[in-house]
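Novice: If you scroll down you'll find the structure; I have some questions about it.
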């Protein structure tokens, strides 16, 4: 058996696979980020005014959290814009990591917001103040409804485009909904129970800060894992192997590694073929497998294939 006739068959450089599919994903992700900036900016203004006029620090803290949402959505938008720039000689794999870095930034923003709210809540608890005005409850109910709706919309977009950053931004919306719900509970207790319970909304802000910290961790951990090329928690590896084995001439798949780079997935695959196959034939077979995988799984933009001879036992 002449193994010298076999060689590595590597994927050729391609501009964009299924370009329309990719463009639509990018547009959806960017729209979600821009919508987040607009909604959070408006809510931050409403909550700050209601908190000042209604004597409710928890609403002011909520406004601060919304401002961090504005920043986080802006960071996600910027990360997506950088991540989707085409590959070149300096960045042969593109700048997909910018998308993941923006998710890391969102996680740290949540940590910062949690610490800031905690510090100010403790200060408010130790300072005598009046009970918040009843109208602040109406504002909080509206905020919870809007932010929970934003979470569901943005999270669905993030799932659809396989974006860690967009999903992180969605959880930032959910954090805002949670802080507003906690604020509603705290102000309600203060209004119903009267004197002695003036700080109930501040305690609620303290609890909400803890929830924000937990959400920050839940966002940061998967983003950092993605930075370290952790294998994706999906059936994508199984599907890649199935597609490769469906091509006539492929006798097995030795190794199959998948990693995520921004919105895209990259595959390293070992194909086992007949050891008597010529270099040209093995090269053509590798390209056939590449084309099939990229056409059936558009989220995969690059497939690097190594051809190995199938050894008889």
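Residue numbers (our numbering): 177 to 489.
Backbone N, C-alpha and C define an ideal beta-carbon position, used for all residues, glycine too.
Values in this document were obtained by computation on a predicted structure and should not be read as measured data.
Taking only runs that begin and end inside the region 417-486, name each unbroken alpha helix (DSSP H) of 4 or more residues, in chain order.
Specialist: If only uninterrupted alpha helix (DSSP H) runs of at least 4 residues are considered, those enclosed by the region 417-486 are 455-472.
Novice: Rounded to whole angstroms, what's the CA-CA distance from residue 302 to residue 295? Just pull it up for me.
Specialist: Spanning the two alpha carbons is a distance of roughly 11 Å.
Novice: Assuming residue 447 contacts residue 484 under a Cβ cut-off of 8 Å, what Cβ separation, rounded to an integer in Å, is found between them?
Specialist: 7 Å
Novice: Which stretch, first to last residue, makes up the alpha helix (DSSP H) that contains residue 321?
Specialist: 311-337
Novice: At the level of alpha carbons, what is the spacing between residue 270 and residue 277?
Specialist: Their Cα atoms are separated by approximately 14 Å.
Novice: Using C-beta distances below 6 Å, list every residue in its chain close to residue 471, excluding the 5 sequence neighbours before and after it, in chain order.
Specialist: none
Novice: Would you report the Cα separation of residue 274 and residue 229, rounded to the nearest angstrom?
Specialist: 41 Å
Novice: Return the CA-CA distance between residue 369 and residue 309, expressed in angstroms with no decimal places.
Specialist: 14 Å
Novice: Short of 6 Å in beta carbon distance, which residues of its chain neighbour residue 259, apart from the five on each side in sequence? Order them along the chain.
Specialist: A distance below 6 Å between beta-carbons, with the five flanking residues on each side excluded, links residue 259 to the following residues of its chain, in chain order: 271, 272, 274, 275, 438.
Novice: My parser needs the alpha helix (DSSP H) runs of 4 or more residues fully inside the region 228-265; what are they?
Specialist: List check, alpha helix (DSSP H) in window: 233-259.
Novice: Using the rule of at least 16 other Cβ atoms within 10 Å of the residue's Cβ for burial, across every protein chain shown, is residue 411 buried or exposed?
Specialist: exposed
Novice: Is the CB of residue 406 under 8 Å away from at least one CB in chain B?
Specialist: The structure shown has no chain B; it contains just one protein chain.
Novice: Can you say whether residue 233 is buried or exposed, counting buried as having 16 or more other CB atoms within 10 angstroms of its CB?
Specialist: buried
Novice: May I ask you to report which of helix, strand or coil DSSP gives residue 374?
Specialist: Taken through DSSP and simplified to helix, strand or coil, residue 374 comes out as coil.
Novice: Within its chain, find whatever has a CB closer than 7 Å to the CB of residue 263; leave out the 5 residues flanking it on each side and keep chain order.
Specialist: 269, 270
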